[in-house]
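Every position in the sequence shown, counted from 1, becomes a number in this note's numbering once 179 is added.
Note that beta-carbon positions come from the ideal geometry of N, C-alpha and C, so glycine has one too.
What follows is one structure encoded as structure tokens, with my remarks underneath.
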Amino acid sequence: MTDRKKLVILSVTAAVIFVGSLIWCIVLLNKPHGDTVCIRQDGKIIYTLDLSKETDRKFDIGYNGSSNTVEIKDGRIRICDAGCPDKVCVHTGWLTADIPIVCLPNKLVIEFADGTSADDAPDAVAR
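What follows is the structure, encoded as structure tokens:
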């Protein structure tokens with residue numbers, strides 16, 4: 180086998196490994212999620228919703244004189260209005276698998292349920 184053939188085979192092998200790694204990373208980052216959503220306030224689950232069975236609606240969740248308006252539409256969920264000053268939760272938009280919706284002033288978190296309860300999840304990770 181000539182040096183040129185070895186170089187071509189090595190290059191093709193490296194390209195296949197690189198493309199395979201890219202596909203694997205994309206699959207991991209876009210991991211599928213279920214339709215079950217947990218809404219937590221102050222660390223406690225206040226709602227567990229199956230978005231595939233929910234009707235389009237809006238409802239308010241209050242906290243110390245402030246509130247968040249949650250909207251469910253077409254099997255998706257978001258906070259469409261909030262009484263907090265920065266409205267980061269509103270600007271987050273519709274819930275995705277990677278980013279939970281968080282309103283720090285109202286201590287509200289909306290995220291996809293992953294099968295673990297809040298009691299099973301660690302409070303912190305030590306290295």
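Judged by beta-carbon spacing, valine 269 lies beyond the 9 angstroms limit of alanine 276, meaning their Cβ atoms are not closer than that value. Less than 9 angstroms separates the beta-carbon of arginine 255 from that of leucine 230.
Rounded to whole angstroms, tyrosine 226 and cysteine 263 show a C-alpha spacing of 21 angstroms.
Between the beta-carbon of valine 216 and that of isoleucine 289 there is about 6 angstroms, and that keeps the pair under the 8 angstroms contact cut.
Counting only residues of its own chain and dropping the five nearest sequence neighbours on each side, lysine 252 has a CB closer than 6 angstroms to the CB of Asp235.
Straight across, the Cα-Cα distance linking valine 281 with serine 246 is about 13 angstroms.
DSSP places alanine 194 in the helix class (H, G or I) of the three-state scheme.
Here glycine 241 carries a strand assignment [DSSP, helix/strand/coil]. The C-beta of valine 249 has 16 or more other C-beta atoms within 10 Å across all chains shown, which makes the residue buried.
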